[in-house]
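Enquirer: In order, the protein sequence lines correspond to chains A and B.
Here the first sequence is numbered in the numbering used here, starting from 49 and rising by one per residue.
Here the second sequence is numbered in the numbering used here, starting from 2 and rising by one per residue.
Virtual Cβ for every residue (Gly too), placed ideally from N, Cα, C.
This structure is in structure tokens; I'll ask about it shortly.
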Amino acid sequence: MKLALLSESPADEAALRVLVAAVLGGQPQFVAPGYRARGWPNVAQLMPAVLRHLHFNTDADALVVVADADDTVVHDARHEAPGYFHPQCRLCQLRAVHRQTVKKLPPAQGRGRVVRAIGIAVPAIEAWYLCGRDPGVTEAAWIEGRVEGRAPYTRAELKLRVYGTDRPSLPHEIACALREVGRQRSDVRRLENDFPGFALLAADLRAWTPSANKR
Amino acid sequence: MIASIAFRKFKALRNTRVALAPFNLVIGPNGSGKTSLIESVMRLKTLAKLPLATGAASRQRADGPAIEFNFAPPHEGITAQLGCVSDLVCDTLRIIPEEAAGWAALRDELADLRSYTLQPEALAGAAQRADGARLSSSGHNLAAVLAHLRSAAPAAFAGMRAELFRIVPEFAGLELVEEGGQVSFALQLTEGGQVPADELSQGTLCLVAVLALAFDPDPPRVLCIEEIDRGFHPRTLREVRDALYRLSHPRSAGLDRRPTQIITTTHSPYFIDLFRDHPDEIIISKKQGRAAQFSRLSDRADLGELLGEGSLGDMWFSGILGGVPEER
Ligand SMILES: [Zn+2]
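Below, the structure written as structure tokens:
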């Protein structure tokens, strides 16, 4: 299976490769270099072009996209109802972009459509890195804090906890990201439990079977 | 080092004040005072070497251009005033209070301000081997600086090389060729063969220069660089920012040394994007007619909402942040 990644930084990409491989239980082949977006809403803006490019110009089977939730609405079970779409939920938005883009594309490269795996890190990917290390950092804690009108932590605090500085160099950021996902790679169940935005990514990945994707 | 600069009638800076942080990225249209800001710092350096103006002769020309500097601790008690005859000639420096005890120490630090407008053609040239103690304003002696770094600070030189090859993995070696008192440099390709400096891309040359500055074991107190993004691929700009942070925030890089204050300018939305987590480091220079004003991005009350809606670079390009050219 050949995968493409659309992420916001080389550090995110390095960590996601490890997490994707951990979920799939093998070493998938990645399109290199990875595709890069400049944060939100650039991820959603670029996704149709990336999907069309993958579809017509490459033999990639799937696109993995992960974005930070920041302060937006967090995806929940109600959003999974058939036909439901929450306009402020980034997961709902990215799924809609994928659905609307691929349905218009005729078969190419011997396969039907480029499938997707979409995850949203709440509020930022550094929260995933802290899973299992900082029990106070979970998606539920973030949502609860927002309901009560006080964020339990800020993005800046999460970054400081992961990198030990608010101005990490890129190699340091990559090393910290790989250290944290390396700790979790043998068992991602805790990450799936504490971060439903990761569990949805994992569910998408597990739903792929190369045969289901061939026509 | 420099806490703030106030301008009166100096070029486009008719009446504005800017507070400076350890790292300052100045954005705005051409002619909006970005270069004037850096020029004022270099005039302070030049005049600090000369005898001070004192007594009645030192009073500011009542209506002429003037620039006033305030400093961070331990020099917070001193104000330096540049008096100017015109936009082009600032010829007096007055210190308040006149007999400030800390002036001698401050003057020594002001001698250590540097300004760069890196010129790729200049960076590629051969240089006098003896002329390598500090990089010149255009970077024309880069090869000599590299040779000096190699002999005077081998560990820093090794660190700089390692960083260069990590960022540009197509290269694996840096060759210095000395001949008749001149030195030039070339980069060795990972796949074999070498590329002489004058055949390197502009971005690679500028990267070598920025890394030579970032790995200087004795960096200046203040470093000004015009158009820092010049020649770089947008994906490389993160590395350029990190190299500058190594100077302005050495502890973040694990270095135990005194910080270098950075003042730099850019026209690249991609470079601006990199300051999403530190909007306090962006200074916007807005031009209205012939007058320009400085403001800090972090002073905007709606900054949080703006950051949730798009990248800083796109926001700047759109005009929402100001600092865009006027149109008829
Ligand atoms: Zn949703």
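For the stretch 227–251 of chain B, which residues have a CB atom closer than 8 Å to at least one CB atom of chain A, in sequence order?
Expert: Of all residues in the stretch 227–251 of chain B, R236, R239, E240, D243, Y246, R247, H250 have a Cβ within less than 8 Å of some Cβ in chain A.
Enquirer: At a cut-off of 7 Å, is L248 of chain A close to ligand 1 when judged by its beta-carbon and the heavy atoms of the ligand?
Expert: No; taking the cut-off as 7 Å, the Cβ of L248 of chain A has no heavy atom of ligand 1 nearer than that.
Enquirer: Once DSSP output is grouped into helix, strand and coil, what is the label at D64 of chain B?
Expert: If DSSP states are grouped into helix, strand and coil, D64 of chain B belongs with coil.
Enquirer: Below 7 Å on C-beta distance, what does A204 of chain A contact in chain B?
Expert: D278, listed in chain order.
Enquirer: Taking 6 Å as the limit, name every residue whose beta carbon sits nearer than that to some heavy atom of ligand 1, in sequence order.
Expert: Taking each Cβ in turn, the ones that pass are A:H123, A:H127, A:H134, A:C137, A:L139, A:C140.
Enquirer: Assign R95 of chain B to buried or exposed, taking buried as 16 or more other Cβ atoms, counted over all protein chains shown, within 10 Å of its Cβ.
Expert: With 16 or more Cβ atoms within 10 Å of its Cβ, R95 of chain B is classed as buried.
Enquirer: Residues bridged to A7 of chain B by DSSP?
Expert: Answer is B:R18, B:E69.
Enquirer: Could you please give me the residues that DSSP links to S55 of chain A through a beta bridge?
Expert: Looking at the DSSP assignment, S55 of chain A forms a beta bridge with A:R84.
Enquirer: Quick one: grab the DSSP three-state call for K50 of chain B.
Expert: Here K50 of chain B sits in coil by DSSP.
Enquirer: Counting only beta-carbon atoms, is R215 of chain A nearer than 8 Å to chain B?
Expert: Yes, R215 of chain A counts as interfacial toward chain B.
Enquirer: Where do the N-terminal and C-terminal ends of the beta strand (DSSP E) with D116 of chain A fall, by residue?
Expert: Note, D116 of chain A: beta strand (DSSP E), 110–116.
Enquirer: Buried or exposed: which applies to L212 of chain B, given that a residue is buried once 16 or more other Cβ atoms fall within 10 Å of its Cβ?
Expert: Looking at its Cβ environment, which holds 16 or more other Cβ atoms inside 10 Å, L212 of chain B is buried.
Enquirer: Of all Cβ atoms in chain A, is any one closer than 8 Å to the Cβ of S139 of chain B?
Expert: No, no contact with chain A.
Enquirer: If you draw a straight line from the C-alpha of L165 of chain B to the C-alpha of E310 of chain B, how long is it?
Expert: Spanning the two alpha carbons is a distance of roughly 35 Å.
Enquirer: Can you find at least 3 beta carbon pairs, one from the stretch 238–252 of chain A and one from the stretch 118–130 of chain A, that sit closer than 8 Å?
Expert: Output reads yes: the stretch 118–130 of chain A touches the stretch 238–252 of chain A.
Enquirer: Give every residue of the same chain whose Cβ lies closer than 8 Å to the Cβ of K262 of chain A, excluding the five residues on either side of it in the sequence, and list them in chain order.
Expert: At K262 of chain A the pLDDT is 42, less than 50, meaning the model places this residue with poor confidence; the figure from the coordinates comes in the next sentence. So the qualifying residues of the chain are G158, R159, G160.
Enquirer: Does the CB of F318 of chain B have a neighbour CB from chain A at under 8 Å?
Expert: Taking Cβ atoms only, chain A never reaches closer than 8 Å to F318 of chain B, which makes this a no.
Enquirer: Within 10 angstroms of its Cβ, does V90 of chain B collect 16 or more other Cβ (buried), or is it exposed?
Expert: That one is exposed.
Enquirer: Taking only the alpha-carbon atoms, compute the straight-line gap between L147 of chain B and V184 of chain B and give it to the nearest angstrom.
Expert: When rounded, the distance between both Cα atoms is 9 Å.
Enquirer: Please tell me whether A125 of chain B and A198 of chain B are closer than 8 Å, where the distance is taken between their beta carbons.
Expert: Cβ distance < 8 Å, so A125 of chain B and A198 of chain B count as in contact.
Enquirer: Can you tell me the Cα-Cα spacing of K12 of chain B and A92 of chain A, whole angstroms?
Expert: Looking at the two C-alpha atoms, the distance is approximately 44 Å.
Enquirer: Among B:P270, B:D303, B:G324, B:R329, whose alpha-carbon lies nearest the alpha-carbon of R312 of chain B?
Expert: The amino acid occupying residue 312 of chain B in the given sequence is Ser; Arg does not appear at that position. If we check each option's Cα against that of S312 of chain B, B:P270 comes out closest.
Enquirer: How should F8 of chain B be labelled, buried or exposed, when 16 other C-beta atoms within 10 angstroms of its C-beta is the threshold for buried?
Expert: So F8 of chain B counts as buried.
Enquirer: Where does V210 of chain A fall in DSSP's three states?
Expert: In this structure, V210 of chain A counts as helix in the three-state DSSP scheme.
Enquirer: Would you mind stating whether G87 of chain A and E61 of chain A have Cβ atoms separated by less than 8 Å?
Expert: Contact flag unset, no.
Enquirer: So which residues of chain A does S269 of chain B contact, with C-beta pairs closer than 7 Å?
Expert: Ordered by position in chain A, no residue passes the 7 Å Cβ test against S269 of chain B, which lies about 12 Å from the chain.
Enquirer: So for T118 of chain B, helix, strand or coil by DSSP?
Expert: If DSSP states are grouped into helix, strand and coil, T118 of chain B belongs with coil.
Enquirer: So G309 of chain B contacts chain A; which residues on that side make the cut at Cβ distance below 7 Å?
Expert: Correct list: D118, D119.
Enquirer: Can you check whether the C-beta of S312 of chain B is within less than 8 Å of a C-beta belonging to chain A?
Expert: Closer than 8 Å: yes.
Enquirer: Pull up the distance between the alpha-carbon of R259 of chain B and that of L275 of chain B, whole angstroms please.
Expert: Roughly 24 Å between the two C-alpha positions.
Enquirer: So with CB distances below 7 Å, who are the chain B contacts of G158 of chain A?
Expert: Near G158 of chain A there are no residues of chain B at all, since even the closest Cβ is about 32 Å away, more than 7 Å.
Enquirer: Nearer than 7 Å: is that true of the beta carbon of D217 of chain B relative to any heavy atom of ligand 3?
Expert: Summarising the ligand content, the structure contains ligand 1 and does not contain ligand 3.
Enquirer: Use the C-beta contact count for N71 of chain B: other C-beta atoms within 10 angstroms, 16 or more gives buried, fewer gives exposed.
Expert: N71 of chain B is buried by the Cβ-count criterion.
Enquirer: In terms of DSSP beta bridges, what is P280 of chain B paired with?
Expert: Beta-bridge pairing links P280 of chain B to no other residue.
Enquirer: Can you tell me whether S259 of chain A is buried or exposed, with buried defined as 16 or more other CB within 10 angstroms of its CB?
Expert: Reliability of the predicted coordinates at S259 of chain A is poor, the pLDDT of 47 falling under 50, and no value is obtained from them.
Enquirer: Among A:L153, A:V195, A:D116, which one has its Cα closest to the Cα of V170 of chain A?
Expert: The option with the nearest alpha carbon to V170 of chain A is A:D116.
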